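Protein chains in written order, with the numbering used here: chain L, 27 to 360; chain Z, 3 to 237.
For glycine and all other residues, C-beta sits at the position ideal for the given N, C-alpha and C.
Predicted model only: the values in this text are computed from it and were never measured.
Structure record follows, encoded as structure tokens.
So, in structure tokens, the structure goes:
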């Protein structure tokens, strides 16, 4: 009733949508860096979207299954396989006891999410099973996975799960999934909308123009806390460090040497660098998939236009999720 | 008061005053006012020393509350509440934090004393004399940034290297002093250690100190206190 980690990958940890409502006490938000892929994986295995999935980074983990398990992988385009079959992104599969799943091609993804039907048995803190590495709590013992870890499954099976086990007994996969083309609409572009914030006032117009005119490259210095990007340096008009400032996921801070750092989900709850703006929330799922070497372009947008884009994005998400639900209902009629 | 967007799901209310107990109380009153109103779409209220970030679920506001622009709505909302803030009488006794200063408990104190051109006794007197208040909370859960330090102890440098710093380390940063609440790596200047636990994740109320709390330090010797479990700083 578990999965066993055969290879831990570069950085694998359990995440859900993170902790909300405790930032004023210094608790980091955490959660899946690409919450869309996290949710797709959950929906494909008929889980609640709040179930934790395993977030893997760049070099993915490999695992052995110890009993029949419904799985889905989502996040970018990649190739994976077991001894018996190829495993594609955004599709539901049934693994059998003894199956070992490993990745063969991961150049075009930064983060892949693994969901298992019925969910993993994990540690919860403040309403979330996301791993908080600073407090060393939540998820699997509050840490990233290592080789040999054995993670129990909850086997919290609903009628849908039972029906899926039945339907997939022979084929081990569904004849449907989500078309990668439909998702590329969300992930392809390199343009990121940036909304001006209080910190933007600390930059002269010339610096702001530099920031939006050039390209920035994602460096190897990127983790769940933040992402350093390389390009034209941008500096605040003062040399000193400002007073501590409020930050959000997507806030772009600037180091003393002018290197922008984009804050991600495990950011400290207070910022101590100048900040040039904050990336619009509807571009954060895309940001979570930008791997080392990817080019980014920043574009300022006013908050009211960003809100209009957010509505469009939300409508698109709803359509996508309705599509999955429709296919799932058809599957239930088989 | 100035209002800024912080992305499309948060605003920052900036109260343009010097950091003071009064300002922290303003922010706390504003935070309490908003929390009491229980707006279903407000997800976080995060004060800094002079600002407050209010996060909201913009999608929920648009979809379920028929709000056209969440930003303009929040901005208008903040402009109406500012008049209703009242100061509450400050009657809280300070919370006493016992500290073992220097030695292996405060490995950076020796070099700091040279920097200050001050002896150990004088330093301890200056650090234990003021009434501090928690002007900001962050970095790790329950980590208090304490304002009120004697200006002779202000610094504008950090430690030379990042090193292991155990939970309970009393540190100095700029014009502030603080106490680490988890084991951490950092370049803080560590001056002492307290066995008082400021963060207990198992508790519902997991932070011992709260924003606005008054704090005093008391110097104690190693022998006076159970320091079992102390892990020294390492570089």
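Segment limits, alpha helix (DSSP H) that includes residue i
i                     : result
residue 192 (chain L) : 185 to 193
residue 67 (chain L)  : 61 to 70
residue 83 (chain Z)  : 72 to 83
residue 45 (chain L)  : That residue, residue 45 (chain L), is in no alpha helix (DSSP H); it is neither H nor E in DSSP.
residue 90 (chain L)  : Unbroken run through residue 90 (chain L) is the beta strand (DSSP E), 88 to 91; no alpha helix (DSSP H).
residue 35 (chain Z)  : 23 to 39
residue 210 (chain L) : 206 to 213
residue 191 (chain Z) : Not the alpha helix (DSSP H): residue 191 (chain Z) falls in the beta strand (DSSP E), residues 191 to 195.
residue 219 (chain L) : First-last for residue 219 (chain L): 217 to 221, but that is the beta strand (DSSP E), not the alpha helix (DSSP H).
residue 61 (chain Z)  : 60 to 66
Pairwise C-alpha distance: residue j and residue i
i                     : j                     : result
residue 275 (chain L) : residue 158 (chain L) : 15 Å
residue 82 (chain Z)  : residue 3 (chain Z)   : 12 Å
residue 130 (chain Z) : residue 225 (chain Z) : 19 Å
residue 292 (chain L) : residue 360 (chain L) : 43 Å
residue 78 (chain L)  : residue 28 (chain L)  : 15 Å
residue 123 (chain L) : residue 47 (chain L)  : 40 Å
residue 143 (chain L) : residue 190 (chain L) : 9 Å
residue 141 (chain Z) : residue 22 (chain Z)  : 20 Å
residue 214 (chain Z) : residue 137 (chain Z) : 6 Å
residue 210 (chain Z) : residue 146 (chain Z) : 10 Å
residue 428 (chain L) : residue 344 (chain L) : The question about residue 428 (chain L) has no answer, for chain L in this structure spans 27 to 360.
residue 252 (chain L) : residue 81 (chain L)  : 16 Å
residue 149 (chain Z) : residue 218 (chain Z) : 11 Å
residue 294 (chain L) : residue 358 (chain L) : 44 Å
residue 214 (chain L) : residue 51 (chain L)  : 37 Å
residue 63 (chain Z)  : residue 208 (chain L) : 27 Å
residue 132 (chain L) : residue 35 (chain L)  : 12 Å
residue 47 (chain Z)  : residue 112 (chain Z) : 40 Å
residue 2 (chain Z)   : residue 126 (chain Z) : One cannot answer for residue 2 (chain Z) here, as it falls past the ends of chain Z, which runs 3 to 237.
residue 157 (chain Z) : residue 121 (chain L) : 59 Å
residue 172 (chain Z) : residue 179 (chain Z) : 7 Å
residue 27 (chain Z)  : residue 192 (chain Z) : 29 Å
residue 261 (chain L) : residue 282 (chain L) : 7 Å
In DSSP terms, what residue i is bridged to
i                     : result
residue 151 (chain L) : L:154
residue 119 (chain L) : L:97 and L:199
residue 158 (chain Z) : Partner(s): none; residue 158 (chain Z) has no beta bridge.
residue 7 (chain L)   : Since the first residue of chain L shown is 27 and the last is 360, residue 7 (chain L) is not available in this structure.
residue 15 (chain Z)  : Z:5 and Z:54
residue 28 (chain L)  : L:178
residue 146 (chain Z) : Z:139
residue 134 (chain L) : L:103
residue 253 (chain L) : L:248 and L:288
residue 2 (chain L)   : Residue 2 (chain L) is absent from the structure shown; chain L starts at 27 and stops at 360.
residue 100 (chain Z) : Z:220
residue 297 (chain L) : L:271
residue 201 (chain Z) : Z:209
residue 231 (chain L) : According to DSSP, residue 231 (chain L) bridges with nothing at all.
residue 188 (chain Z) : Z:165
residue 112 (chain L) : L:107
residue 17 (chain L)  : This structure cannot speak to residue 17 (chain L), because chain L is shown only from 27 to 360.
residue 304 (chain L) : L:221 and L:277
residue 33 (chain L)  : L:88
residue 146 (chain L) : L:179
residue 134 (chain Z) : Z:217
For residue i, the first and last residue of its enclosing beta strand (DSSP E)
i                     : result
residue 130 (chain Z) : Element bounds for residue 130 (chain Z): not the beta strand (DSSP E) but the alpha helix (DSSP H), 122 to 130.
residue 23 (chain L)  : Missing from the structure shown is residue 23 (chain L); chain L here goes from 27 to 360 and no further.
residue 166 (chain L) : That residue, residue 166 (chain L), is in no beta strand (DSSP E); it is neither H nor E in DSSP.
residue 46 (chain Z)  : 44 to 49
residue 113 (chain Z) : Not the beta strand (DSSP E): residue 113 (chain Z) falls in the alpha helix (DSSP H), residues 111 to 118.
residue 173 (chain Z) : 171 to 175
residue 278 (chain L) : 277 to 280
residue 311 (chain L) : Run containing residue 311 (chain L): none in the beta strand (DSSP E); it sits in the alpha helix (DSSP H), 310 to 313.
residue 178 (chain Z) : 178 to 181
Checklist entry - Would the segment 39 to 57 of chain L and the segment 142 to 152 of chain L be scored as touching if the rule is three or more Cβ pairs under 8 Å? => result Cβ pair count under 8 Å is three or more, so yes.
Item to check | Inter-stretch contact (C-beta, 8 Å, three-pair minimum) for the segment 132 to 143 of chain L and the segment 164 to 171 of chain L | outcome: With the cut-off at 8 Å, the segment 132 to 143 of chain L and the segment 164 to 171 of chain L do not touch.
Checklist entry - Does the segment 38 to 49 of chain Z touch the segment 108 to 123 of chain Z, meaning 3 or more C-beta pairs lie closer than 8 Å? => result Between the segment 108 to 123 of chain Z and the segment 38 to 49 of chain Z, the count of Cβ pairs shorter than 8 Å is below three; the stretches do not touch.
Checklist entry - Taking three-plus beta-carbon pairs below 8 Å as touching, is the segment 102 to 112 of chain L in contact with the segment 176 to 186 of chain L? => result Counting Cβ pairs under 8 Å, fewer than three are found: no touch.
Item to check | Meets three-Cβ-pair contact criterion under 8 Å: the segment 54 to 67 of chain Z and the segment 100 to 111 of chain Z | outcome: No, they do not touch.
Next on the checklist: Could you check whether the segment 328 to 339 of chain L touches the segment 82 to 94 of chain L, counting it as contact only if at least three pairs of C-beta atoms, one from each stretch, sit closer than 8 Å?
Outcome noted: No: fewer than three Cβ pairs fall under 8 Å.
Next on the checklist: With a threshold of 8 Å, are at least 3 pairs of Cβ atoms found where one atom belongs to the segment 224 to 234 of chain L and the other to the segment 64 to 74 of chain L?
Outcome noted: Segment contact: the segment 224 to 234 of chain L against the segment 64 to 74 of chain L, fewer than three CB-CB distances shorter than 8 Å; contact not assigned.
Item to check | At least 3 beta-carbon pairs within less than 8 Å: the segment 306 to 325 of chain L vs the segment 232 to 243 of chain L | outcome: Three or more beta-carbon pairs drawn from the segment 306 to 325 of chain L and the segment 232 to 243 of chain L are found closer than 8 Å, and the two stretches are therefore classed as touching.
Next on the checklist: Is it the case that the segment 6 to 13 of chain Z contacts the segment 87 to 100 of chain L, given that we only count it when at least three CB pairs across the two stretches are under 8 Å?
Outcome noted: Taking 8 Å as the limit for Cβ pairs, the verdict is that the segment 6 to 13 of chain Z does not touch the segment 87 to 100 of chain L.
Checklist entry - At a cut of 8 Å, does the segment 162 to 173 of chain Z reach the segment 184 to 192 of chain Z through at least three beta carbon pairs? => result The segment 162 to 173 of chain Z and the segment 184 to 192 of chain Z touch, with no fewer than 3 CB-CB distances between them shorter than 8 Å.
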